[in-house]
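There are 2 protein chains.
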Amino acid sequence: MRMNEGVEWALHSCLNLGWLGPERAVTAGRLAAFYGLPPAYLNKQLQALARAGILTSTSGPRGGFRLARDLDAITLLDVVVAIEGPDEAFRCTQILRQGPGGDPAADYLKLCVISQAMGRADLAWRRELAGQTLADIRATVERGYPDTPERTREWFATVAG
Amino acid sequence: MRMNEGVEWALHSCLNLGWLGPERAVTAGRLAAFYGLPPAYLNKQLQALARAGILTSTSGPRGGFRLARDLDAITLLDVVVAIEGPDEAFRCTQILRQGPGGDPAADYLKLCVISQAMGRADLAWRRELAGQTLADIRATVERGYPDTPERTREWFATVAG
DNA sequence: GGTTCTTTACTCGGATATCGGCTGTCCGAGTGTCCTCGG
DNA sequence: CCGAGGACACTCGGACAGCCGATATCCGAGTAAAGAACC
Numbered sequence: 099m100r101m102n103e104g105v106e107w108a109l110h111s112c113l114n115l116g117w118l119g120p121e122r123a124v125t126a127g128r129l130a131a132f133y134g135l136p137p138a139y140l141n142k143q144l145q146a147l148a149r150a151g152i153l154t155s156t157s158g159p160r161g162g163f164r165l166a167r168d169l170d171a172i173t174l175l176d177v178v179v180a181i182e183g184p185d186e187a188f189r190c191t192q193i194l195r196q197g198p199g200g201d202p203a204a205d206y207l208k209l210c211v212i213s214q215a216m217g218r219a220d221l222a223w224r225r226e227l228a229g230q231t232l233a234d235i236r237a238t239v240e241r242g243y244p245d246t247p248e249r250t251r252e253w254f255a256t257v258a259g
Numbered sequence: 099m100r101m102n103e104g105v106e107w108a109l110h111s112c113l114n115l116g117w118l119g120p121e122r123a124v125t126a127g128r129l130a131a132f133y134g135l136p137p138a139y140l141n142k143q144l145q146a147l148a149r150a151g152i153l154t155s156t157s158g159p160r161g162g163f164r165l166a167r168d169l170d171a172i173t174l175l176d177v178v179v180a181i182e183g184p185d186e187a188f189r190c191t192q193i194l195r196q197g198p199g200g201d202p203a204a205d206y207l208k209l210c211v212i213s214q215a216m217g218r219a220d221l222a223w224r225r226e227l228a229g230q231t232l233a234d235i236r237a238t239v240e241r242g243y244p245d246t247p248e249r250t251r252e253w254f255a256t257v258a259g
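Residue numbers (this note's numbering), protein chains in the order written: chain A, 99 to 259; chain B, 99 to 259.
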C-alpha cells in the first residue's frame with residue numbers, strides 16, 4: 099500500500115506556484131528543475147491536477163501551469179484524489195458472496211461489517227486531509243521559514259529555464 | 099494506492115477462527131475453501147499473521163492455524179500491519195533536500211510541513227483502525243446475523259477437507 | 001510606420017517502453033499419526 | 001496384550017514464476033510570439 103510518489107511532487111509544486119503568484123504560467127520543466135525531478139513525469143502529474151481543475155494549463159511559448167484557484171480553496175484531499183484517484187485503499191471484494199450462505203445479489207460493500215469498519219478508517223483519513231488547505235500549509239511554512247517565499251521567487255526569476 | 103487483498107482474507111479468516119474456537123487448528127486449505135480462495139496464497143497471508151504473533155501455526159497432521167489470543171486483543175490495525183507492513187502510505191522522499199536552500203543533513207521527515215500533515219492523516223487512519231477489535235466486529239456481525247456462528251461451525255464440521 | 005502573414009520555437013497532451021511489487025504456485029522440511037513387529 | 005520403532009501422510013514455510021500498475025520517456029498537436037513582407 100504505497101502512495102503514488104507524484105502526490106508529494108504535486109503538493110510541493112502547488113505551494114511553489116502559490117508563492118510565484120498567478121501572473122505568470124510556469125512550465126513543468128521549471129518546476130521539475132527546482133527539485134531535480136524528471137520533467138516529463140512531473141508534467142504527467144500536473145496534467146492530472148489540471149484535469150481535476152486545480153491547475154490551468156496553457157500551451158505554446160510563455161505557457162505552462164498556474165493555480166486555478168487560491169490555495170485556501172485547495173485541500174490536501176483535492177490533490178491526493180487528483181493524483182491517486184477517488185477509490186479508497188481497502189477494496190472489499192465481497193468474498194462473503196462466495197462463502198456458504200452468501201447471497202450473490204447482496205451488496206456486501208454495505209452489509210459486510212469489515213467493509214464498514216475499513217470504510218470508517220478511510221473516512222477518518224479523508225476527513226483529516228480535507229481539513230487542511232494548502233493555505234494552511236503555506237502559513238505554517240512561512241511561520242517557520244519566513245524567507246522561503248522570497249528565495250523561491252528569486253530562484254524562479256534568476257535561474258535560466 | 100491499493101491495499102493488499104490479503105488483508106480482507108486475513109480479517110475474515112480470523113473471524114472464522116474465532117467462531118470455531120481454539121480447540122482445533124484449522125488448515126489454510128479449509129479456510130481458503132470456505133470462500134473459494136487460492137489455498138497456497140491464503141497460506142502465505144496466514145504465515146504473516148503467525149509471524150506477527152496473531153496466530154499460532156502447527157505443522158503435520160491435525161496441524162493448521164489457531165488464534166494466538168482472544169479476538170478482543172486483536173485490533174484491525176494489528177492485522178493490517180501484519181499483512182501490509184509498518185510503513186505508512188505516504189513516504190516523504192525529502193525532495194526539499196534537492197531544492198535550493200535545502201540542507202542535505204536535515205531530517206525533512208520531521209521538518210517538512212507537508213510530511214507532517216500527511217503523517218497526521220495517516221495517524222488518524224491508524225487510530226481508527228486501532229480503536230476497533232475483532233471482538234467488536236464479531237459482536238456486530240452476531241447482532242445482525244445471529245445464525246452466522248452456528249452456520250460457520252457447521253460448515254467446517256461437515257464439509258470434507 | 002503600421003498591418004498582416006508566415007515562420008518558428010515552445011509547451012502541453014497523450015501514446016509508448018521499462019521496472020517493481022503484488023498475485024499466484026510449487027516443492028521441501030518438519031511432525032504427528034498409524035501400522036507393524038517384537039517382546 | 002503391550003510397547004517400541006519405523007514408514008507414511010499431512011501441513012506449514014519459504015523459494016520460484018506471472019501479471020498488473022506505477023515509473024519514466026518520447027514524439028506529435030496546438031499555440032503564441034517574433035520576424036518578414038507588403039501596403
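All residues carry an ideal CB built from backbone N, CA and C; glycine is no exception.
May I ask which residues mark the beginning and end of the beta strand (DSSP E) holding residue i?
| i | result |
| --- | --- |
| F163/A | G162 to L165 |
| S155/B | L153 to T156 |
To the nearest angstrom, how far is the alpha carbon of residue i from that of residue j?
| i | j | result |
| --- | --- | --- |
| F163/A | T250/B | 57 Å |
| T238/A | P120/A | 21 Å |
| T247/B | C112/B | Note on residue identity: the sequence assigns Pro, not Thr, to residue 247/B. So the two alpha carbons sit approximately 13 Å from each other. |
| D201/B | A187/A | 34 Å |
| R100/A | L174/B | 19 Å |
| V124/A | A130/A | 10 Å |
| D185/B | R225/A | 21 Å |
| A138/A | Y206/A | 41 Å |
| K208/A | I193/A | 13 Å |
| G176/B | Y243/B | Going by the sequence as given, residue 176/B is Asp instead of Gly. When rounded, the distance between both Cα atoms is 25 Å. |
| A255/B | G161/B | 16 Å |
| L109/A | P159/A | 25 Å |
| G183/B | A148/B | 14 Å |
| G199/B | A150/B | 43 Å |
| L115/B | F132/B | 12 Å |
| I235/A | C210/B | 10 Å |
| Q214/A | A204/A | 15 Å |
| W253/B | G134/B | 13 Å |
| T154/B | D245/B | 27 Å |
| R128/A | W117/A | 14 Å |
| A146/B | L165/A | 45 Å |
| L169/A | R189/A | 31 Å |
| D220/B | D220/A | 10 Å |
| P136/B | I152/B | 21 Å |
| K142/B | V257/A | 53 Å |
Identify the continuous alpha helix (DSSP H) that holds residue i and give its terminal residues.
| i | result |
| --- | --- |
| L227/A | V211 to A228 |
| V124/B | First-last for V124/B: undefined, no H or E at that position. |
| F254/A | T246 to T256 |
| Y139/A | P137 to R149 |
Considering only the alpha carbon of each residue, which of the options lies closest to residue i?
| i | options | result |
| --- | --- | --- |
| A93/B | W117/B, L113/B, G116/B and L140/B | As shown, chain B starts at 99 and ends at 259. That puts residue 93/B outside it, with no answer to give. |
| G104/B | I181/B, Q214/B and A228/B | I181/B |
| V178/A | Q196/A, L144/A, V211/A and A215/A | L144/A |
| A171/B | A233/B, W253/B and E252/B | A233/B |
| Q196/A | W107/B, L221/B and M99/B | W107/B |
| A228/B | R100/A, R218/A and G229/A | R218/A |
| R167/A | M216/A, R189/A, T231/A and T256/A | T231/A |
| N102/A | T156/B, L169/B and T191/B | T191/B |
| I212/A | E240/B, L221/B, A222/B and P198/B | E240/B |
| M216/B | A222/A, G199/A, W253/A and L115/A | A222/A |
| T156/A | R122/A, A203/A, D245/A and W117/A | R122/A |
Spell out the partners DSSP gives residue i in its beta bridges.
| i | result |
| --- | --- |
| T231/A | T173/A |
Should residue i be listed as close to the ligand PLP, given that the test is whether its C-beta is under 7 Å from any heavy atom?
| i | result |
| --- | --- |
| A150/B | Although the ligand PLP was asked about, the structure shown includes no ligands whatsoever. |
Inset, instruction - Taking a Cβ distance cut-off of 9 Å, strictly less, list which residues of the region 117-144 of chain A are near chain B, in chain order. - result: F132, Y133, G134 and L135
Legend entry - Within 7 Å of chain B by C-beta, residues of the region 192-210 of chain A in sequence order: Those would be I193, Q196, G197, P198 and G199, in chain order.
Inset, instruction - Name, going along the chain, the residues of the region 214-225 of chain A whose beta-carbon falls closer than 9 Å to a beta-carbon of chain B. - result: Going along the region 214-225 of chain A in chain order, one finds Q214, A215, M216, R218, A219, D220, L221, A222, W223, R224 and R225 with a Cβ nearer than 9 Å to chain B.
Inset, instruction - Check each residue of the region 155-188 of chain A: if its Cβ is closer than 7 Å to any Cβ of chain B, include it; give the result in chain order. - result: L174, E182, A187 and F188
Legend entry - Positions along the region 238-254 of chain A whose CB lies within less than 7 Å of some CB in chain B: Per Cβ criterion, the list reads T238, V239, R249 and W253.
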